[in-house]
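Q: The following block contains the structure, expressed as structure tokens.
Chains as they are written, first to last, in our numbering: chain E, 1 to 406; chain X, 1001 to 1406.
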């Protein structure tokens, strides 16, 4: 992007091989062993049930990380925005579901280019649709692109149809057509009127279910989701439509349940690679839930301590997203992150619980490990993920899709 | 930074000269006329009192915008982080106060390099200090840099002393040495023991004061701040220290009061260029407060509407910082932004208040203007600020210090 070449780099790549204590802060750190264990745990579970894992890359926005998920057996990735997907395709990842609606002429033009790019990569682009109007505009953008290639090519439909999932409203009341008859009617209209679109699946994702605290609550929502999917499949049958080959959904909080419903064919969990304070607040049941561990941290430094009962760290609102609550400190008994200002974090120091290594006079300059309150928007604040193993910096991965909002 | 050259640009620079409706979304837009009016209003007010304005660039992180502030008469800028300041110095801006403590060996090395760079630019770097330990480490880093230049040069102190402001705790209980005697003792120790540091000012900033709702509340805090500054100046005198030439502080919420105290010589407001929903919640008193207007917006698109009482826009937590509350819609009666998810904003549609231009069936693809809840961390999510005038795109300014957290 503009002029960034004029700026001194802020990558810490030159610290590969050095101890983590050398890192400047605040920086975003991932524990490679925990990350790989999370990746393997979910893949083994999903594959063991004969299902497909298409992890959501909006959580990490990092092609290097996605490549580890694909190497472990993922069938592709999900993205949430066209420009985000472009960043992954630019790194050679070509099997992408944009698990979201795409509206607007500039975005549709990008979508068509990305569709071609994914075919060139021997992959496929899939996108969600939840209204006839949006489908019509998408179909038209594809028609237009075919026309632009000239009459001869257009006749042979030089551009392959774009695969779509019909997004149904499974109870979150956000995007998605109403399940059942309305969904089947929309599918039929698309089949009949939109030759450039090919409906291959249903999108049935319930975001709020991921953060419900008890297994009972999550199970109730998953059951509701399944009922809405079944209702839709029945309406498809009644309309004489063939059953969509893919039922896609599920997330890191509910995947243990989602995958066992016998209904989903493809799971979309994303945050499981990292986890966060909000996810840790879920009550996990090891008989059903998977045992993901915290791999993501913000390393921060105490930059001021002018009173024994408080310290100030260099990670505030621009280094941590606090929308789902404040970060927690790791391995720092007696210290509590109690407030985030724009550029500062306020740490309360409770002396009675204090670790001798963290005595007041020794805090200035001390590095502390924070567990982010909410992983996805926190990652979106950083240009680089520092990969560590056993206390050493082993790699840096650019967060290439950071800020890709279009 | 890494590999960004491999990615297609997401700048909208090619839309200069086009109507704003052409912009892809979500994007960050500034109304140039309102911005310039805000810049002029504060500069005229501060200059009229014979004081200096050193606007805080952490709000906009944008050298192009800072150049307008300097052209209007600002004496320099404030930054909050060393790497942020580097981004401005790289664009030729050399008079910078890092209005914050700088701790850690990597940061101190960068600080020394930046100090030299600012001198090369015929400017000066100033940094805040609030403890003897931090001052000693900074002094040592400067000594080390001088030594590295070789014995001959070191003897002549080739590097000019680094100017510092002593930050005093004016009541926010964040950073800052206690006012009065403790501050004077620290100043004396720095004068006597730290030849590479030159104390030229007091930093007396109270962040929380900016967001207090009534003028009475803000006036009470400003009075408290002034008492602490006076107490410190008296202690300086009692210690035989000369009065620091600069008393620096103030912010966009309290600047009308700060500037009239007769105590501050330099004001640091930042958010006044943009404003936000949180600032709009202050009760402004036109007899004292300045009349800043909203210049910053996030342009968003309705990407789904499957029910007449709600719509979904493409700006969620990654496009808006919600730490100080949700965004508000501009010129969209009957529409309320009621919830931010990671990638979606949920809009409630109240039909009774509905504008005919926003009837339910016409919302899909419609562009809406959002006023961010909190400007500073929202700007930090974007790579580019789109400048508009009378409905037309007139420029794009890269947010070059975005993500500069070190």
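Even for Gly, the Cβ is constructed at its ideal location relative to N, Cα and C.
Going by C-alpha distance, which of X:1402, X:1144, X:1203 is nearest residue 1127 (chain X)?
A: Residue X:1203 is the option with its Cα nearest to residue 1127 (chain X).
Q: Pull up the CB-CB distance for residue 1316 (chain X) and residue 1341 (chain X), whole angstroms please, since I reckon it's below 8 Å.
A: 5 Å
Q: Given that residue 1177 (chain X) touches chain E, what residues does it touch there, using C-beta distances under 9 Å?
A: 306
Q: Whose CA, out of E:231, E:176, E:200, lies closest to the CA of residue 206 (chain E)?
A: E:176
Q: Using 8 Å as the limit for Cβ to Cβ distance, is residue 275 (chain E) near chain X?
A: no
Q: So which residues of chain X does residue 346 (chain E) contact, with C-beta pairs closer than 7 Å?
A: 1174
Q: Is residue 1258 (chain X) near the ligand MG, going by C-beta to nearest heavy atom under 7 Å?
A: With respect to the ligand MG, the structure offers nothing, as it holds no ligand at all.
Q: So with Cβ pairs under 8 Å, would you call residue 1383 (chain X) a contact of chain E?
A: yes
Q: Is the beta carbon of residue 96 (chain E) less than 8 Å from the beta carbon of residue 125 (chain E)?
A: yes
Q: Taking the beta carbon of residue 1156 (chain X) as the centre, do at least 16 other beta carbons fall within 10 Å, making it buried, or is it exposed?
A: Bear in mind that the predicted position of residue 1156 (chain X) carries a pLDDT of just 45, short of 50, making it too unreliable to give a figure here.
Q: Looking only at its own chain, which residues have a Cβ that is under 6 Å from the Cβ of residue 1181 (chain X), when we skip the five neighbours before and after it?
A: 1235
Q: In the DSSP assignment, find the beta strand (DSSP E) that holds residue 1330 (chain X) and state where it starts and stops.
A: 1328-1330
Q: May I ask you to report which of helix, strand or coil DSSP gives residue 99 (chain E)?
A: Of the three classes helix, strand and coil, the one that applies to residue 99 (chain E) here is strand, per DSSP.
Q: Please name the residue or residues paired with residue 53 (chain E) in a DSSP beta bridge.
A: E:267
Q: Can you tell me the Cα-Cα spacing of residue 1222 (chain X) and residue 170 (chain E), whole angstroms?
A: Going from the Cα of residue 1222 (chain X) to the Cα of residue 170 (chain E) covers about 53 Å.
Q: Closest to residue 104 (chain E) by C-alpha separation, out of E:138, E:120, E:75, would be which residue?
A: Taking only the C-alpha atoms, the option nearest residue 104 (chain E) is E:138.
Q: I need the straight-line Cα distance from residue 1345 (chain X) to residue 405 (chain E), nearest angstrom please.
A: 13 Å
Q: In whole angstroms, what separates the C-alpha of residue 130 (chain E) from that of residue 164 (chain E)?
A: Going by the C-alpha atoms only, they are around 10 Å apart.
Q: Does any C-beta atom of chain E lie closer than 8 Å to the C-beta of residue 1144 (chain X)?
A: Closer than 8 Å: no.
Q: List the whole-angstrom C-beta distance separating residue 1070 (chain X) from residue 1255 (chain X), where the pair is believed to meet the contact cut-off of C-beta under 8 Å.
A: Going by Cβ atoms, the distance from residue 1070 (chain X) to residue 1255 (chain X) rounds to 18 Å, so no, they are not a contact pair.
Q: Please compile the residues from chain E whose C-beta is within a distance smaller than 9 Å of the C-beta of residue 1058 (chain X).
A: 318, 342, 343
Q: By the three-class DSSP mapping on this structure, what secondary structure does residue 288 (chain E) have?
A: Residue 288 (chain E) falls in the coil class under three-state DSSP.
Q: Which residue wins for smallest C-alpha separation from residue 369 (chain E), given the options E:337, E:247, E:396?
A: The candidate whose alpha carbon is nearest that of residue 369 (chain E) is E:337.
Q: Is the CB of residue 155 (chain E) under 8 Å away from at least one CB in chain X?
A: At residue 155 (chain E), the pLDDT of 46 sits below 50, so the modelled position is not reliable; the number obtained from the coordinates is stated separately. It does not: the Cβ of residue 155 (chain E) has no partner Cβ on chain X nearer than 8 Å.
Q: What are the residues in the segment 97-127 of chain E lying within 7 Å of chain X by C-beta distance?
A: From the segment 97-127 of chain E, only 100, 101, 103, 104, 106, 107 have a Cβ closer than 7 Å to chain X.
Q: Report yes if the CB atom of residue 295 (chain E) is closer than 8 Å to the CB atom of residue 30 (chain E), and no otherwise.
A: yes
Q: Identify each residue in the segment 185-203 of chain E for which the Cβ-Cβ distance to at least one residue of chain X is less than 9 Å, and report them in chain order.
A: none
Q: For residue 280 (chain E), which residues in chain X fall below 9 Å Cβ to Cβ?
A: What residue 280 (chain E) touches in chain X: nothing, since even the nearest Cβ is about 18 Å away.
Q: Determine the direct distance from the alpha carbon of residue 1280 (chain X) to that of residue 247 (chain E), and round the result to whole angstroms.
A: Taking the straight line joining both Cα atoms gives about 46 Å.
Q: Closest by CA to residue 77 (chain E), which one among E:99, E:83, E:90?
A: E:99
Q: Leaving out the 5 sequence neighbours to the left and right, which residues in its chain are closer than 8 Å to residue 1243 (chain X) when beta-carbon positions are compared?
A: 1233, 1236, 1237
Q: Does the structure place the segment 377-385 of chain E close enough to the segment 321-334 of chain E that three or more beta carbon pairs sit under 8 Å?
A: Touching, per the Cβ criterion.
Q: Could you confirm whether any beta carbon from chain X is found closer than 8 Å to the beta carbon of residue 133 (chain E)?
A: yes
Q: Is residue 69 (chain E) helix, strand or coil when you go by DSSP?
A: helix
Q: Of all Cβ atoms in chain E, is any one closer than 8 Å to the Cβ of residue 1404 (chain X)?
A: yes
Q: Please confirm if residue 372 (chain E) has its CB atom under 8 Å from at least one CB of chain X.
A: Chain X, which has no Cβ nearer than 8 Å to the Cβ of residue 372 (chain E), makes this no.
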